[in-house]
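Undergrad: Each residue of the sequence shown is one higher than the last, beginning at 3 in the working numbering. Quick reminder that beta carbons are idealized off the backbone N, C-alpha and C, glycines included.
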Amino acid sequence: MSAAPPPSPVEISRSGESDVRIRWSDGKASVFPARFLRLACRCAHCVDEMTGRRVLQESSVPQDVRPLAIAPVGRYAIEIQWSDGHRTGIYTWDLLYRLAGQLPGF
Ligand SMILES: [Zn+2]
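1. Using DSSP with H/G/I as helix, E/B as strand and the rest coil, what is Tyr99?
2. So, helix, strand or coil for Arg37, using DSSP?
3. Using a strict less-than 6 Å threshold between each residue's beta carbon and the heavy atoms of ligand 1, what residues do you get?
4. Going along the chain, which residues of its own chain have a beta-carbon closer than 7 Å to the beta-carbon of Asp96, five neighbours each way excluded?
5. May I ask you to list the residues that DSSP assigns as paired with Thr94?
6. Using 8 Å as the Cβ pair cut-off and three pairs as the minimum, do the region 18 to 28 and the region 44 to 57 touch?
7. For the candidate residues Val63, Pro11, Pro35, whose alpha-carbon lies nearest to that of Gly29?
8. From which residue to which residue does the beta strand (DSSP E) around Glu60 run?
9. Measure from the alpha carbon of Arg55 to the alpha carbon of each residue in Ile82, Leu41, Gln83, Val67, then state which is nearest.
10. Does the distance from the C-beta atom of Ile24 to that of Leu98 stay below 8 Å?
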């Protein structure tokens, strides 16, 4: 196994009105559609902590949801304030990189 550190963002920015763009330390880049990222929230309001099952209803998230603010959390994550009022979601680098793997062309 490689002992290389896991990829971390070297730049986090907005892409257009709503999407979130991340450039990674391994040279890759990803553009997360806002709603995709919102639905991937792992906080206790969105995911059952006991079962790991998503309790967030997809239909409850507006199609045009977008981040109002993106704030760093330590050196390992970002916290996103969403236009639907949700603001408890923390996205770790590990989670974001795994989500990036679900995007086409990553
Ligand atoms: Zn959440």
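TA: In terms of the structure at hand:
1. When DSSP states are grouped into helix, strand and coil, Tyr99 belongs to the helix group.
2. Per DSSP, reduced to three states, the secondary structure at Arg37 is helical.
3. Cβ-based neighbours of ligand 1 within the cut-off: Cys43, Cys45, His47, Cys48, His88, Thr90, Gly91.
4. Residues of the same chain with a CB within less than 7 Å of the CB of Asp96, apart from the 5 flanking positions on each side, are Pro8 in chain order.
5. Answer by DSSP bridge pairing, in chain order: Ala79.
6. Touching, no, given that fewer than three Cβ pairs across the two stretches are closer than 8 Å.
7. If we check each option's Cα against that of Gly29, Pro11 comes out closest.
8. No beta strand (DSSP E) contains Glu60, which DSSP labels as neither H nor E.
9. Cα-wise, what sits closest to Arg55 is Leu41.
10. Their beta carbons are under 8 Å apart, which means Ile24 touches Leu98 by this criterion.
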